[in-house]
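All residue numbers for the sequence shown refer to our numbering, where the first residue is 12 and numbers rise by one. All C-beta atoms, glycine included, are put in the ideal place defined by N, C-alpha and C. All figures in this text were calculated on a predicted structure; none of them were measured in a lab.
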Amino acid sequence: MSFVCRRAVIPLATRLLAAACALTAIPAHATAFELIYTGAFNAHESLNLASDSTPAFFTASTPYTIHALFDDATPNLAPNFGGSFDGFRAYAPSSATIEIAGTRYTIENSTANPTAGVTVAIFDQNSFTLGRYGIGLIADPVGDGAGIVGDFVSASPDFTVAALTATVFTGFAGVGHSSGVCTSGTAPACPHAITPWVLHDGSNAAWNLTLGNYSEDYPIAHSPGASIGPLNTAQIVAVPEASIYGSMFAGLVGLVVALRRRVR
12 MSFVCRRAVI PLATRLLAAA CALTAIPAHA TAFELIYTGA FNAHESLNLA
62 SDSTPAFFTA STPYTIHALF DDATPNLAPN FGGSFDGFRA YAPSSATIEI
112 AGTRYTIENS TANPTAGVTV AIFDQNSFTL GRYGIGLIAD PVGDGAGIVG
162 DFVSASPDFT VAALTATVFT GFAGVGHSSG VCTSGTAPAC PHAITPWVLH
212 DGSNAAWNLT LGNYSEDYPI AHSPGASIGP LNTAQIVAVP EASIYGSMFA
262 GLVGLVVALR RRVR
C-alpha cells in the first residue's frame, strides 16, 4: 500500500473512531446500578417451599449474597414523608437474586408482587441514624415491610440519594431484619405481620423466606442488650447500559469494514 493510500486511511480511521465515540457519549435517561449485599441468616429465620405448612428454620448462621439490578429512573416507591426522609429512596429492581448456602434463587420484586416483592432501599446520612448510611432490601416500603437494612458508618465516595453514584459502604455497625409491617405501634418495638419474601429456584418452584424481627450490632454492642452478629458488606456498582456497548460495537465494526474496503 502506498504512502498516499496510508495517509488517506489514517484520517478516515480517525473520523470513524470519533463517530463511534460520539455514539457512546449520547446521554442516557437512567443510570443503571447493582446492589451487592452479603450477610447471614440465623435461627429466627426460615426458608421452605411455599407449599409447606410449617417453616423450616435455619439451624446455624447461614450466609447469603444478594444481587439486585435497578436504575435511578424507575419510580421512587419510598413514602413521601418529607423532612429527614428526603434522603430515602426505594427502587423496584429489574431483577434480584439471593444465594443461600450455595443455591441461587430469584426474588420477586415490587412490580410483580406489591405486598411481598422487594425494593432496593437506600438511606443517605441525612435520613438514617445521624451520620450513618442504610442500604438493603425492603418490601412494601410505604408500610415498612419485610426487609434487611444494614447500618454503615461510612460511604466512599460520600453521596446523597439525589445524586446516586457507585459506592462502597464501610464501617458496618449493625443490621435490622423485619418480618413485615407493624400491626400496631411504631417500629421497631411493635408486633409485626409475617410476610415472607417469595423466592423461585432454578425449576421455578416457589419458596418462602421468612425473616425474623431483630437487630444485630457489629463489632460491639452499641446499645444495652444488643446481640453481636456477623459482618455484613454492601456496595452499589455502576452497570454500563447495553445500549452503550451496542453503540460502541457497531461503531468499531463500521470502522473495521470501512478500513478493509479502503485498503482493498
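Where Val172 falls: helix, strand or coil (DSSP): In this structure, Val172 counts as helix in the three-state DSSP scheme.
Which runs of the beta strand (DSSP E) spanning at least 3 residues fall entirely within the segment 44-102, listed in chain order? Correct list: 57-60, 73-82, 99-102.
Specify, as a first and last residue, the run of the beta strand (DSSP E) that Glu110 falls within. Boundaries of the beta strand (DSSP E) harbouring Glu110: 106-111, taken from the DSSP string.
For Ile214, name the three-state secondary structure that DSSP assigns. Strictly speaking, residue 214 in this sequence is Ser, with Ile absent from that position. Three-state result, Ser214: coil.
Do the CB positions of Ala150 and Trp208 come within less than 8 Å of each other? Contact: yes.
Measure from the alpha carbon of Gly50 to the alpha carbon of each residue in Tyr229, Ala249, Asp155, then state which is nearest. Comparing alpha-carbon positions, the option among Tyr229, Ala249, Asp155 lying closest to Gly50 turns out to be Tyr229.
Candidates Ala112, Leu242, Asn120: which alpha carbon is nearest Pro104's? Comparing Cα-Cα distances from Pro104 to each of Ala112, Leu242, Asn120, the minimum goes to Asn120.
By Cβ distance below 8 Å, which residues in the same chain neighbour Ile239 in space, the five residues on each side in sequence not counted? These residues qualify, in order along the chain: Glu227, Asp228, Tyr229, Pro230, Ile231, Ala232.
Quick one: what's got a C-beta closer than 6 Å to Gly187's C-beta in the same chain, skipping five residues either side? The beta carbon of Gly187 sits closer than 6 Å to the beta carbons of Val160, Ser226 from its chain, once the five residues preceding and following it are set aside; these are given in chain order.
Using only the alpha-carbon positions, how far apart do Pro168 and Ala157 sit? Distance between the alpha carbons of Pro168 and Ala157: 29 Å.
Roughly how many angstroms lie between the CA atoms of Phe170 and Thr178, to the nearest whole one? Annotation: Phe170 to Thr178 spans about 8 Å, alpha carbon to alpha carbon.
By the three-class DSSP mapping on this structure, what secondary structure does Phe180 have? Reduced to three states, the DSSP call for Phe180 is strand.
Whether or not the segment 98-113 and the segment 123-137 are in contact is what I'm after, with contact meaning three or more pairs of Cβ atoms, one per stretch, closer than 8 Å; do they touch? With a cut-off of 8 Å, the segment 98-113 and the segment 123-137 count as touching, because enough Cβ pairs lie within range.
Straight-line gap, Ala127 to Ser234 (C-alpha atoms, nearest Å): Between Ala127 and Ser234, the C-alpha separation is close to 30 Å.
What do you get for Pro152, buried or exposed, if any count of 16 or more other CB atoms within 10 angstroms of its CB means buried? Under the 10 Å beta carbon count, Pro152 is surrounded by 16 or more other beta carbons and is classified as buried.
When the distance is taken between beta carbons, is Ile109 closer than 8 Å to Tyr75? In this structure, Ile109 lies closer than 8 Å to Tyr75 by Cβ.
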